[in-house]
């Protein structure tokens, strides 16, 4: 399951509207807001859906840019599953 994080850049005046849009998206967790933008974490089902979400974030109304700052597509199992695969 890919996990990504972004800084969604927008004007401070647009942040409330952008946050409302972000909160309506499946798999998106909205983090801290700052003058520079809004921190966002995204869990996706597939690599392709992660890429699509990045494009979708950048096309939201009021968003100037969605900057990818972290991406991990490792599969995370439970501790028992990891131990059994050794």
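Residue numbers (this note's numbering): 181 to 266.
Backbone N, C-alpha and C define an ideal beta-carbon position, used for all residues, glycine too.
This one's a predicted model, so the numbers in the text were calculated from it and none came from an experiment.
Around the beta-carbon of residue 233, 16 or more other beta-carbon atoms lie within 10 Å, marking it buried. Judged by DSSP secondary structure, residue 202 falls within the alpha helix (DSSP H) whose first and last residues are 195-203. Closest in alpha carbon position to residue 181, among 207, 248 and 242, is 207. Here DSSP, grouped into helix, strand and coil, assigns residue 223 to strand. The beta-carbon separation of residue 248 and residue 188, rounded to 11 angstroms, does not stay under the 8 angstroms limit for a contact.
DSSP places residue 185 within a strand segment (E or B) once states are collapsed to three. According to DSSP, residue 213 shares a beta bridge with 218.
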